[in-house]
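Colleague:
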Amino acid sequence: MTLTLIPSSAFAQGESCQFLGNDLAEWIILKNVLEGIVNDPLGNGGLKNNMWLTTVNTAGEVCAVVFSGSGRFDQWLASRVISAQKAYTANSLSLSAGARPGGTNIALSTANLYSAVQPGGTLFGLQLSNPVNAADAYARDQQGTTESFGTFGDPLKGKIIGGINVFGGGLALYTSAGQRLGALGVSGDTSCTDHIVAWKVRHALNLDNVPGGVSPTNDDNIVHDITLTAQGHPVSPSGFGHPTCDPTATSIANNLPTTHPIGPNP
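For the sequence shown, our numbering gives the first residue as -1, with consecutive numbering after it.
(1) Assuming contact is defined by CB atoms lying nearer than 7 Å, are residue 265 and residue 62 in contact in what I supplied?
(2) What residues are listed by DSSP as bridge partners for residue 158?
(3) Are at least three pairs of beta-carbons, each pair with one atom in the stretch 131 to 145 and one in the stretch 187 to 199, less than 8 Å apart?
(4) How is residue 184 classed by DSSP in three states: helix, strand or coil?
(5) Any contact of the stretch 221 to 238 with the stretch 161 to 181, i.e. 3+ C-beta pairs under 8 Å?
(6) Can you tell me whether residue 98 is helix, strand or coil according to DSSP?
(7) Given that a residue counts as buried once 16 or more other Cβ atoms are within 10 Å of its Cβ, and exposed if not, what is residue 258?
(8) Is residue 178 helix, strand or coil by DSSP?
(9) Identify whether residue 132 lies in helix, strand or coil by the three-state DSSP scheme.
(10) Taking all protein chains shown into account, decide if residue 185 is buried (16 or more other Cβ within 10 angstroms of its Cβ) or exposed.
(11) Spatial neighbours of residue 1 within its chain, please: CB distance less than 8 Å, with the 5 preceding and 5 following residues excluded, ordered by chain position.
(12) From residue 254 to residue 233, what does the alpha carbon distance come to, in whole angstroms?
(13) Per DSSP, which one or two residues make a beta bridge with residue 232?
(14) Pick out whichever of 138, 116 and 181 has its Cα sitting closest to the Cα of residue 231.
(15) Is it buried or exposed, residue 24, if we count other Cβ atoms within 10 angstroms and call 16 or more buried?
(16) Only counting runs of 4 or more residues, tell me where the alpha helix (DSSP H) segments fall wholly within the stretch 8 to 42, in order along the chain.
(17) Note down the Cα distance separating residue 101 from residue 138, rounded to an integer number of angstroms.
(18) Would you kindly report the start and end of the unbroken beta strand (DSSP E) that includes residue 172?
(19) Just how far apart, CA to CA, sit residue 11 and residue 53?
(20) Taking the alpha helix (DSSP H) that residue 46 belongs to, which residues open and close that run?
(21) Under 7 Å, do residue 60 and residue 157 count as touching if we go by C-beta distance?
(22) Return yes when the Cβ of residue 89 is within less than 7 Å of the Cβ of residue 175, no when it is not.
(23) Rounded to whole angstroms, what is the Cα-Cα separation between residue 113 and residue 212?
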């Protein structure tokens, strides 16, 4: 399934929300893509819940918020803010190709952070940095209601919500030249299924020319390498592992680089 939002060569790096659901036509496309993937007959594993999706630009400002259900209460309400947090995280911890000559310049998905932030991990404590801007995250609309949550006029738009999320569902967005445009965050199901849906949405939008990553396939896919020691302690050999959620989701996720490969779509 490929529903390109806009030719990825049209983007330039910056703080614009253009083409990230900023105008009504783009917002409708984004919502339709999410709905189509959540209802994919091949499935995404998990609980088969509806989803929230938020996009942010390179500055971390919210560009669009959509949901896949018929109304704002057809998916977990907590996941609205979580999706924004995931988008902020993936954007703020990913780099464009060539950002530093000779550097790794990789993308980190929120799924890649789980093991790294555990005690003894290389990023321990990261999840406590960059706290969520609660005043903006939970603000009602101008009418003092929640009726605009998930609509084109969602009150999160234009706000930097912040937060560091450390489980699956957040992915950076890239042009065909490997320039980071921002990120998307998906929430509403198990964290593994959130990642799967986010990956499929990014692929459908043709915004997945990831310059590199920490996964075995050199991208930002979820890494399932956590095992238990004899004492029952979880260990990720890569340092970037994520727990498995269910066998179906694990199989789908492991095959994403083949079924939905990164790079400009034909």
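Cβ atoms here follow ideal geometry from the backbone N, Cα and C, with glycine treated the same way. In this text the structure is predicted, and so the values were computed from the model without any measurement.
Modeller: Working from what's here:
(1) Residue 265 lies beyond the residue range present for the chain, which begins at -1 and ends at 264; the question has no answer from this structure.
(2) 59
(3) no
(4) strand
(5) no
(6) coil
(7) buried
(8) strand
(9) helix
(10) buried
(11) At residue 1, the pLDDT of 49 sits below 50, so the modelled position is not reliable and the matter cannot be decided from this model.
(12) 24 Å
(13) 226
(14) 116
(15) buried
(16) 22 to 36
(17) 42 Å
(18) 168 to 172
(19) Below a pLDDT of 50, predicted positions are generally treated as unreliable, and residue 11, at 45, falls in that range; the measurement from the model is reported next regardless. Their backbone Cα atoms lie some 15 Å apart in a straight line.
(20) From DSSP, residue 46 is part of no alpha helix (DSSP H); its letter is neither H nor E.
(21) yes
(22) no
(23) 12 Å
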